[in-house]
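Read the structure below first, then the notes.
There are 2 protein chains.
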Amino acid sequence: MTELSERQKVILTLVIHEYIQTAAPVGSQNLVARYKLDMSSATVRHELAALTERGFLRQPHTSAGRIPTEEGYRYFVSRLIRASDLPDMTRRTISHQFYQMRHDVEQWVRLAASVLAHQSRAASLVTPPHPEKARIKHLELISTRGRQVLMVLVLIGGEIRQQILILDEPVSQEQLSQCADRLTQLFQAQESDAIRARQPQLSGLDVDVVNHVMSVLTETDAAVSGEVYLDGLTNVLAEPEFTGSEEARRALRILDERSLLQDLVSRTALSTTHGGVQVLIGGEGTWDELRQWSLVVGSYGLPGLATGSLGVLGPMRMSYGRAISTIRFLSGLLSDLVAETMLDESTPNSGEVN
Amino acid sequence: MTELSERQKVILTLVIHEYIQTAAPVGSQNLVARYKLDMSSATVRHELAALTERGFLRQPHTSAGRIPTEEGYRYFVSRLIRASDLPDMTRRTISHQFYQMRHDVEQWVRLAASVLAHQSRAASLVTPPHPEKARIKHLELISTRGRQVLMVLVLIGGEIRQQILILDEPVSQEQLSQCADRLTQLFQAQESDAIRARQPQLSGLDVDVVNHVMSVLTETDAAVSGEVYLDGLTNVLAEPEFTGSEEARRALRILDERSLLQDLVSRTALSTTHGGVQVLIGGEGTWDELRQWSLVVGSYGLPGLATGSLGVLGPMRMSYGRAISTIRFLSGLLSDLVAETMLDESTPNSGEVN
DNA sequence: TTTTAGCACTCTCGGGTCGAGAGTGCTAAA
DNA sequence: TTTAGCACTCTCGACCCGAGAGTGCTAAAA
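Keeping their order, the protein sequence lines are chains F and X.
The first sequence begins at 1 in our numbering and counts up by one.
The second sequence begins at 355 in our numbering and counts up by one.
Structure (C-alpha cells):
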C-alpha cells in the first residue's frame, strides 16, 4: 500500500470535515463548490474513487456521495488531524473556574465533565482521581450504638471511605478513639502491603479494626475508579444518527451500565492514539454496542500516585479535533490540581507556599 | 356536574387500562371484544361519547378511538384506581435485598432507585435521607499542609461532609486534634441554632473552625436534598411516545437539570394525591417541560428528623397503580431503615439490640 | 327509556407510482 | 493528467388510492 497523495489527503480531510458538519453523504461537486477547490468535480471524483478503493470512504448506495469509513476516521485521526489548541480566552476562563474550586475534588470532576461536554458537544465521562495504592491519612472510629461502630478512613488525596463495623463486644468511645489514634500513627501514609506486613504484631481491638481497614483498602485498590461522572447526554441525543429510538436507547444503555464504562475507560490498549489521547472508533470491531460510536479517552494525574480518566463519547461523526484538544487541556489542568493535593499531603507540614 | 354512572366508571377504567398497555387509541368494538363486555359496541359508543363530553377522553381525530385526557387520568387516579399491593414474594425479595445492605445509606438509595425503576418500568428518582436539622456527631480536623486543614464533619444519620479550611497561621496536628475533640464534646448532637448560641463563648482557633462548621451546617440545612439518584432512563426512552427524538431530548433534559428535579420533588402542593403518594399529571398545566409526563412522588423517613423523597417519572400513559404501590412499599421500608439509623445514633450507647 | 343493529361517513395508514435532483462512472477531447 | 459531456442509478418527497377501523345517527327492538 502506497502513501496517499497530498491531494488525496486534502480531499479525505475535507470529506470528513464536511460530513462531520452536515451528516449527509458528500459529493464531488458540492465539495468543489463549498471549498472553492482549484480543480473540477471530475478530478475530485477520481480521487474519491481512489479513496473508496483504499477503504477510507464508502457510498451508502451507488450514485450517492461518500461518507467516511471507520478506517477513514482512523487514518484521519492518526495522520491528518492537526493539533488545534483551544483559544486563549476559553483556556483562561476554564482555568479560572477550576481555580475557584480547587479545594473540592468532587467539584473539579463535575466541572471537568461539564466543560468537556460543552466543548466537545458530546457526552463526557470523567472519573475522580484514584490513587494507585490507597494510603491512609487518618483513621477515625465513632461509636454509634453498642457493638456498632462507624469507621471513617481519610485517604491521602482527600477521598473518604466509611464503613460500619460490628464488634464482638461493646467498646467505649475513649477506647475507640485511642485505638484510632494508635493506628493512625502506625499506618499514616502506608499502603496496604505495609500494613499487612505489620498485622501479626497487633492484638485485641486493633486486629478487628485493621481487618476492616484492609478490606476497604484492597477494595479501593481494586476498583479501577469510583463513580463515573457523566454530562452532556442530551448533546448526543440531538445527533441525527440517533433519531431512530433504536440507536438512542443503545446509547443510553451504554452510559447507564457502569460496568461497560469502566471497562472502557480503563482499557488502555486502544488502537489509535494521538498525543497521549486515545481514540477508539466504531467499537474497533469488538465492542458491538459501540458500533456507531467513538470514544476519545485521556488520563490525568501522577502515574504511580493517583490517576483518573476523562473521555468523550459521541457519534463516529464527531469533532475529533475539538475533543482531543479539550481533553488534552483538561488533562493538564487536572494533573496540576492532583499534584497540588497529593504532593502536599504526602509530605505534611513541609512548609509554606504562597 | 353529576357523578359518573357505574358503567361509565368501568368503561373509563378499561379505556385507560387498555391505552396504557397498547398506546393506541381504543375503540368501542375493540373494548367489547377484549373484555367480553355484556353490551354492544353501540352502547359503549354512547358512554364513550358521554365521557368525551365530560372531558375525560378525547379523539386524536374524528373517527379514531379514544385516548384519556389529563383530566381522565386525574379522575382515574383519585377515584377509580384500586390500591394493589405488590405480591408477597416480591416484597420479601426486596426486603431481603435491603436488609443485606442496611449499613450503607448510599447503597439503600441506589437500590431503591433500581427497584423503583424496575417495578414501575419507568425512570425513578430517589433522594438520600436528609436531616431536617443537621446535627453533629463527630468533628475531625486533619492537617494537610501549613495553614491548610481538612475538616471532616460526621452528621447524625451517617452523612459525611468535608471542607478545606485555610487558617491564619499554621497549627500543629496535636492542637487540631484537641480542638476537634473539644468541639465534638461541646456540640455533639447539637444543631446549628444551639451552636450559634454558644458561639460568643469561644476563642482562638475554635472560632475559626466553628465558623466553617456553621457554614457547612446551614448549607446542609438549606439544601432540599443532596444528590438525586436516577435509574431506569432507558425504560422511558423505550416508550413509543418518545420515539420522535424531539420528545426524547426534552425528557433527558428534565432528568439532566437537577434544579428542575429538586423543585419538582420538593414541591408538595401537587394536585392529585393518593394515600400519601402524590401524583402530578401532565405538568398540571404549569410545568411546560412535563406536558407529556407524569410524576408520582412519595416521601419517607421521620418528619422532623430526616426525610427523603422518591418518585417515578414516566409518560402520562404510565401504570399508576404499580408506581403508587411500589412507592408506598419502598417508602415504608426506607422509613424503617432511617428510623433504625437515626434513633439509635441520637441516643448513643443505649444498650444492646439483637 | 334503553339498548342494539345497520349504515353512511370520515380519517389514518401503508403501499405503489412517479418525477426531480444529486451523484456517479465512463469516454473522449483538451 | 485534467476536464467537459453524458447516460445511468438511486433516493426522496409528493401524490394517489384503497383497506380498515372507528364514529355518529337513525330506527327498530326490548
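Quick reminder that beta carbons are idealized off the backbone N, C-alpha and C, glycines included.
Is the Cβ-Cβ distance between Val105/F and Gly158/F less than 7 Å?
yes
With a floor of 4 residues, list each alpha helix (DSSP H) that falls wholly inside the segment 433 to 513 of chain X, ordered by position along the chain.
442 to 454, 459 to 474
Establish whether the CB of His472/X and some CB of chain F are separated by less than 7 Å.
no
Applying the criterion that 16 or more other CB atoms from any shown protein chain within 10 Å of the CB defines a buried residue, is Ser653/X buried or exposed?
buried
Is Ala660/X helix, strand or coil by DSSP?
strand
Tell me which residues share the same chain as Phe452/X and place their Cβ nearer than 6 Å to its Cβ, disregarding the 5 neighbours each side in the sequence.
Leu687
Per DSSP, which one or two residues make a beta bridge with Arg515/X?
Leu507/X
CB contact check: Arg366/F to chain X, cutoff 7 Å
Lying before the first or after the last residue shown, residue 366/F is absent from chain F, which here runs from 1 to 354.
Please give the ranges of any beta strand (DSSP E) in the segment 634 to 695 of chain X, keeping only runs that are unbroken, at least 3 residues long and fully inside the region.
647 to 656, 660 to 669
Cα-Cα separation, Ser438/X to Gly675/X:
7 Å
Within the chosen definition, does the segment 662 to 673 of chain X reach the segment 514 to 525 of chain X through at least 3 CB pairs nearer than 8 Å?
no
Against chain X, which members of the segment 159 to 170 of chain F pass a CB distance test of less than 7 Å?
Ile160, Gln162, Ile164
Relative to chain F, which residues along the segment 491 to 509 of chain X have a C-beta separation below 9 Å, given in chain order?
Lys491, His492, Glu494, Ile496, Ser497, Thr498, Arg499, Gly500, Arg501, Gln502, Leu504, Val506, Val508
Whose CA, out of Lys133/F, Phe76/F, Thr144/F, lies closest to the CA of Met342/F?
Lys133/F
By DSSP, does Pro25/F sit in helix, in strand, or in coil?
coil
If the cut is a Cβ gap below 7 Å, which residues of chain F does Glu457/X touch?
Per the sequence shown, residue 457/X should be read as His rather than Glu. Ile164, listed in chain order.
Within this structure, are the beta carbons of Thr481/X and Val582/X separated by less than 7 Å?
yes
How close, in whole Å, do the beta carbons of Val570/X and Leu507/X come, if the pair is a contact with beta carbons under 8 Å?
6 Å
Report the residue ranges of all beta strand (DSSP E) runs contained in full by the segment 46 to 74 of chain F; include only those spanning at least 3 residues, in chain order.
none
How far does the beta strand (DSSP E) with Asp231/F in it reach, from first residue to last?
229 to 231
Are any of the Cβ atoms in chain X nearer than 7 Å to that of Arg249/F?
yes
Distance between Pro657/X and Ala339/F (C-alpha atoms, nearest Å):
44 Å
Does DSSP classify Gln539/X as helix, strand or coil?
helix
Just to make sure I have the definition right: I need the residues of chain F whose C-beta is within less than 8 Å of the C-beta of Thr588/X. Which are they?
Arg249, Leu252, Arg253, Asp256
Top-ranked residue by Cα proximity to Ala238/F, from Leu48/F, Ala123/F, Tyr75/F:
Ala123/F
Quick one: grab the DSSP three-state call for Gln632/X.
strand
Is it buried or exposed for Ser172/F, if we count other Cβ within 10 angstroms and need 16 for buried?
exposed
To the nearest angstrom, how far is the alpha carbon of Ser143/F from that of Thr661/X?
23 Å
Assign Asn235/F to one of two classes, buried (16 or more other C-beta atoms within 10 Å of its C-beta) or exposed (fewer than that).
buried
Can you name the start and end residues of the alpha helix (DSSP H) that Thr218/F belongs to?
205 to 222
Between the CA atoms of Val431/X and Ile681/X - distance to the nearest angstrom:
15 Å
Is DSSP giving Glu3/F helix, strand or coil here?
coil
Can you round the beta-carbon distance between Glu643/X and Ala377/X to whole angstroms, since I take them to be within the 8 Å contact cut?
With a Cβ gap of about 21 Å, Glu643/X and Ala377/X do not count as contacting.
Only counting the same chain, and skipping five residues up and downstream in sequence, which positions put a Cβ closer than 8 Å to that of Leu711/X?
Outside the displayed span of chain X (355 to 708) sits residue 711/X, for which this structure offers no information.
Using the beta-carbon of each residue, which ones in chain X are nearer than 7 Å to Leu237/F?
Ser599, Ala602, Arg603, Leu606
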